[in-house]
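Going by numbering that gives the first Met the number 0, the first residue of the sequence shown is number 0, and it counts up by one from there. Cβ atoms here follow ideal geometry from the backbone N, Cα and C, with glycine treated the same way. Just below is one structure, and these are the notes that go with it.
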Amino acid sequence: MYNQFDYGLGTNKSVIRELFTYGLEQAKKVGPDKVYDYSLGNPSIPAPAIVNKTAIDIINNEDPLKVHGYSSAPGFDDVREKVAKNLTERMGMTIKGSNLYFTCGAAPGLVSIFHALHANDDCKLLAIAPFFPEYRPFAEASGLKFDFVEADTKAFQINMAALEAKLDKNTQAVIINSPNNPSGVVFSEDTLKQLGEILTKKSKEFGHPIYLIADEPYRELVYGDVKVPWVPNFYKNTIVAYSWSKSLSLPGERIGYVCVPDCVEDGQAIFAAITGAARAIGHVCPPTLIQRVVAECCSTMPDLAAYDDNRQTLLNGLLKIGYECAKPDGAFYLFVKAPGGDANKFSEACKKYNLLVVPSDSFGVPGYFRLCYCVSKKTIVNSMEAFEKAFNEFK
Ligand code: PLP
């Protein structure tokens with residue numbers, strides 16, 4: 000029945016945003032240095048100096064009508080060519096400018112892919128838990144049904160048996176995210192090989208390709224000698240969504256791309272559908288200045304020393320207290336077992352100590368909490384007492 004006052008999207012709150020807002024309010028009461036806010040994934044290292052220099056050079060030296068004007072819908076051709084060349088050199092696969100559709104970060108790229116893959120109302124998107132909670136509203140607003148595969152809570156790779164059981168003829172796409180938000184885990188080559196084999200087998204069985212979407216905003220954020228494999232090398236029907244939000248610390252600039260490599264079945268039709276979907280949602284022509292900047296800076300890698308220091312300080316501190324944690328090889332998150340087993344209860348208890356941790360239910364796994372360690376080192380060191388007190392409450 001038509002109900003003018005049922006504004007459904009307005010009632011679905013983000014737990015993460017609510018915690019963050021709560022933290023800002025608490026900071027006004029007790030002082031910002033007494034609030035240990037691990038809620039939000041906002042980069043805490045500045046963009047590399049070359050990024051600012053490039054932006055300033057472009058502003059000072061190029062035609063302002065071009066710098067601030069519209070680009071073509073998928074991005075400037077020369078920008079697409081430069082980024083494609085860089086990918087070709089790094090990923091062991093030929094990528095052309097025409098394979099790339101530039102977007103305002105990964106989020107609208109994903110929404111455009113989901114819309115493009117919505118062939119009928121039975122089509123389903125399958126995520127692998129733990130997953131980025133926004134996949135659900137993005138998928139549902141695109142007309143896709145959303146479901147997820149239970150987590151592999153031993154290693155936080157992929158629970159292959161659960162995946163195989165969940166795939167059915169209506170599965171249009173599976174989405175993975177590695178390095179992972181919220182676990183910090185990087186999927187191994189072996190995991191991707193097994194995933195590719197299962198998707199190939201099931202695509203044959205159902206008589207249509209099951210597309211794999213690789214959501215990769217954290218690709219460049221890995222520690223030690225860990226490598227992030229290029230997913231299309233393991234399964235040809237892979238569409239990649241990328242963003243410079245985290246790798247170059249540019250989340251406010253809104254820049255990324257969708258890559259549909261030539262090996263994707265019906266790739267040209269899918270690329271055209273993504274173009275049409277982006278247009279339908281009013282998402283064309285991402286910011287032109289920053290397109291030009293990333294074209295010049297796409298080979299620049301972030302200096303991860305500060306994140307790595309935070310990661311080790313936090314991990315070691317927590318392990319010493321007695322917490323258990325997924326192996327954090329990438330991104331800037333730790334995924335920690337909630338003492339007592341109830342993540343919501345634990346997160347609520349932490350608020351007493353002005354410690355803000357995100358309970359895991361919205362990531363599709365109960366009983367854990369996520370810590371985003373792009374905070375100051377001082378916050379980590381000073382928060383250890385709060386972590387200890389919260390732990391002891393549930394002993
Ligand atoms: N995918 C994942 C897994 C994320 O964590 C995020 C942001 O935190 C996004 C996509 C969206 O990123 P962007 O800022 O590029 O839209």
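Backbone CA spacing between residue i and residue j [nearest angstrom]
i: residue 27; j: residue 17; result: 16 Å
i: residue 175; j: residue 133; result: 13 Å
i: residue 59; j: residue 164; result: 57 Å
i: residue 166; j: residue 201; result: 7 Å
i: residue 47; j: residue 102; result: 21 Å
i: residue 139; j: residue 280; result: 14 Å
i: residue 338; j: residue 384; result: 16 Å
i: residue 95; j: residue 328; result: 30 Å
i: residue 382; j: residue 44; result: 20 Å
i: residue 347; j: residue 64; result: 52 Å
i: residue 292; j: residue 72; result: 17 Å
i: residue 205; j: residue 135; result: 24 Å
i: residue 241; j: residue 24; result: 33 Å
i: residue 380; j: residue 225; result: 26 Å
Identity of the residue in the options nearest residue i by Cα
i: residue 273; options: 170, 12, 210 and 100; result: 100
i: residue 235; options: 168, 252, 266 and 114; result: 266
i: residue 150; options: 258, 30 and 363; result: 363
i: residue 219; options: 360, 244 and 233; result: 244
i: residue 143; options: 37, 157 and 123; result: 123
i: residue 249; options: 40, 161, 226 and 15; result: 40
i: residue 125; options: 183, 137 and 145; result: 145
i: residue 106; options: 141, 269, 233 and 25; result: 141
i: residue 387; options: 344, 247 and 319; result: 319
i: residue 185; options: 158, 228 and 30; result: 228
i: residue 67; options: 204, 35, 286 and 370; result: 286
i: residue 350; options: 263, 117, 392 and 217; result: 392
i: residue 277; options: 22, 263, 257 and 264; result: 257
Limits of the beta strand (DSSP E) - the one that residue i falls within
i: residue 171; result: 170-176
i: residue 242; result: 237-242
i: residue 127; result: 123-127
i: residue 213; result: 210-214
i: residue 255; result: 255-258
i: residue 146; result: 144-148
i: residue 334; result: 332-336
beta-carbon residue i near the ligand PLP non-hydrogen atom, thresh 7 Å
i: residue 19; result: no
i: residue 187; result: no
i: residue 339; result: no
i: residue 106; result: yes
i: residue 74; result: no
i: residue 214; result: yes
i: residue 141; result: no
i: residue 250; result: yes
i: residue 255; result: yes
i: residue 334; result: no
i: residue 137; result: no
i: residue 242; result: yes
i: residue 155; result: no
i: residue 353; result: no
i: residue 131; result: yes
i: residue 183; result: no
i: residue 321; result: no
i: residue 363; result: no
i: residue 40; result: yes
i: residue 176; result: yes
i: residue 381; result: no
i: residue 169; result: no
i: residue 119; result: no
i: residue 232; result: no
i: residue 309; result: no
Extent of the continuous alpha helix (DSSP H) to which residue i belongs
i: residue 299; result: Element bounds for residue 299: n/a, residue is neither H nor E.
i: residue 76; result: 76-90
i: residue 56; result: 48-60
i: residue 349; result: 342-350
i: residue 23; result: 14-29
i: residue 274; result: 266-279
Inset, instruction - Check whether the segment 47-54 touches the segment 286-299, counting contact only when three or more Cβ pairs, one atom from each stretch, lie closer than 8 Å. - result: Yes: the two stretches touch, three or more of their Cβ pairs being nearer than 8 Å.
Inset, instruction - Take every Cβ of the segment 350-366, pair it with every Cβ of the segment 163-173, and state whether three or more of those distances are shorter than 8 Å. - result: Too few Cβ pairs lie closer than 8 Å, so no.
Legend entry - the segment 106-122 in contact with the segment 201-221 per 3-pair CB rule at 8 Å: Short answer: they touch.
Legend entry - At least 3 beta-carbon pairs within less than 8 Å: the segment 365-381 vs the segment 298-309: Yes, they touch.
Legend entry - Three-pair Cβ contact test at 8 Å for the segment 188-195 versus the segment 334-348: With a cut-off of 8 Å, the segment 334-348 and the segment 188-195 do not count as touching, because too few Cβ pairs lie within range.
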